[in-house]
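Notes for the one structure printed next.
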Amino acid sequence: MFEGGLYPYWIVIFLMMTGLYVVISRDNLVKKVIGLNIFQVSVIMFYVAMGKVRGGTAPIEAEGFTIYSNPLPHVLMLTAIVVGVATTALALSLVVRINEAYATIEEDEIRELEREEEA
Amino acid sequence: MIDVIHIVLFTFLAVIAIAIIRLRDLFAAVMLMGIFSLLSASLFTVMDAVDVAFTEAAVGAGVSTILMLATLSLTHSSESTRYARPRPMALVAVVLTGAALVYATFDMPRYGDPAAPIHHHVADHYIEDTDDEIGVPNMVTAILASYRGYDTWGETAVIFTACVGVMMLLGGARTFYRWRHREEDEPEEAGEAS
Numbered sequence: 001m002f003e004g005g006l007y008p009y010w011i012v013i014f015l016m017m018t019g020l021y022v023v024i025s026r027d028n029l030v031k032k033v034i035g036l037n038i039f040q041v042s043v044i045m046f047y048v049a050m051g052k053v054r055g056g057t058a059p060i061e062a063e064g065f066t067i068y069s070n071p072l073p074h075v076l077m078l079t080a081i082v083v084g085v086a087t088t089a090l091a092l093s094l095v096v097r098i099n100e101a102y103a104t105i106e107e108d109e110i111r112e113l114e115r116e117e118e119a
Numbered sequence: 001m002i003d004v005i006h007i008v009l010f011t012f013l014a015v016i017a018i019a020i021i022r023l024r025d026l027f028a029a030v031m032l033m034g035i036f037s038l039l040s041a042s043l044f045t046v047m048d049a050v051d052v053a054f055t056e057a058a059v060g061a062g063v064s065t066i067l068m069l070a071t072l073s074l075t076h077s078s079e080s081t082r083y084a085r086p087r088p089m090a091l092v093a094v095v096l097t098g099a100a101l102v103y104a105t106f107d108m109p110r111y112g113d114p115a116a117p118i119h120h121h122v123a124d125h126y127i128e129d130t131d132d133e134i135g136v137p138n139m140v141t142a143i144l145a146s147y148r149g150y151d152t153w154g155e156t157a158v159i160f161t162a163c164v165g166v167m168m169l170l171g172g173a174r175t176f177y178r179w180r181h182r183e184e185d186e187p188e189e190a191g192e193a194s
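Here it is as structure tokens:
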């Protein structure tokens, strides 16, 4: 059912959109970072799904196997995972600094505090 | 059989994603995010990407979760509902984007299609020649460290930049700033203490 269809791509797009929804509809900054992470994992899943070959095996050379899945998306996504963690770390340390400055990590409360400061 | 595994894993992932949207407790959301990473690692294994799977399990489910838990311990562990309100425009935007992406997939080769263009550009060369040219049986390792070595070098540069950023935000530079401004801060702190 899955091989030869488009269903995997659609489910991955669904996951991607839940991540996007968390990012744009929640005011909590940690929640936004979680949403970004969901989005990132879904994009990685999309690439890996494109690299799958029907009847193929993991791209490790071995006797008795001739069909391998495409190793190139795997390499690119390895890089993406590690870079994703680096950006997550940077985002979270920004959240910690914002919490020190405003004593809150809710975006609308921060905006309110800034408006009060200006007034 | 492999279809059953696909369906079970995808269903779990979708349920967890929706649960993360609905949860207000950030600690639970972070834990679910760890489960989400681990399940996606299982899915990568089913899709033949074993290297991606163990990196995701170690880095995505392990390191990210620890970083988020550390952030929660330094900030607040539950989401405020003071301003919580439904956001219909967000839902509309997300549904439209999703529809556009689904529409785009109709042009794509089917899942697992061996004739897809992605498998016949440089991938053939990598699969056939890595053993002779590099001598490592794992093609992913061979490509990562040799054919696309510059990518990995760039990745290191990005991680270094992020490290410097985190250190500037949370580490030495801030301590120096506080030390420089200690005269201005001290009376205030003393006032608070009394």
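Chains as they are written, first to last, in full-length UniProt numbering: chain X, 1 to 119; chain W, 1 to 194.
Glycine residues also receive a C-beta, built at the ideal position from the N, C-alpha and C atoms.
Please read these numbers as outputs of a predicted model, since none were measured by experiment.
Residue pairing by DSSP places X:Ile-60 opposite W:Asn-138 in a beta bridge.
By the 16-neighbour rule on beta-carbons within 10 angstroms, X:Pro-8 is buried.
The region 75-86 of chain X makes contact with the region 42-50 of chain X, as at least three CB pairs between them are under 8 Å. Against chain X, the beta carbon of W:His-119 has neighbours under 7 Å at Val-53, Asn-70, listed in chain order.
Looking at the DSSP output, X:Asn-28 sits in a beta bridge with X:Glu-106. Taking a Cβ-Cβ cut-off of 8 Å, the neighbours of W:Met-33 in chain X comprise Ile-34, Asn-37, Ile-38, given in sequence order. Cβ neighbours of X:Pro-73 within its own chain (closer than 7 Å, five residues either side excluded): Tyr-47, Val-48, Met-50, Gly-51. The three-state secondary structure of W:Gly-112, taken from DSSP, is strand. For W:Leu-43, the enclosing alpha helix (DSSP H) covers residues 26-46. Within the same chain, and ignoring the five residues on either side of W:Asp-25 in sequence, the residues whose Cβ sits closer than 6 Å to its Cβ are Ser-78.
Bounds of the alpha helix (DSSP H) holding W:Thr-130 are 123-133. Residues Thr-152 of the same chain have their beta carbon placed closer than 7 Å to that of W:Leu-144, with the five preceding and five following residues left out of the count. Taking each of X:Glu-118, X:Glu-117, X:Ala-91, X:Arg-115 in turn and checking the Cα distance to X:Leu-29, the smallest one comes out for X:Ala-91. Nearest CB-CB separation between X:Ala-103 and chain W: not below the 7 Å threshold. In this structure, X:Val-22 lies away from W:Ile-2, with their beta-carbon atoms at least 7 Å apart. Apart from the 5 residues on each side of it in sequence, X:Pro-59 sits with its Cβ closer than 8 Å to the Cβ of Tyr-68, Ser-69, Asn-70, Pro-71, His-74 in its chain, given in chain order. Residue contact with chain W for X:Glu-61: present (Cβ-Cβ distance below 7 Å to some residue of chain W). In the DSSP assignment, W:Ala-14 falls within the alpha helix (DSSP H) that extends over 2-22.
Partner residues in a beta bridge of X:Val-75, as assigned by DSSP, do not exist.
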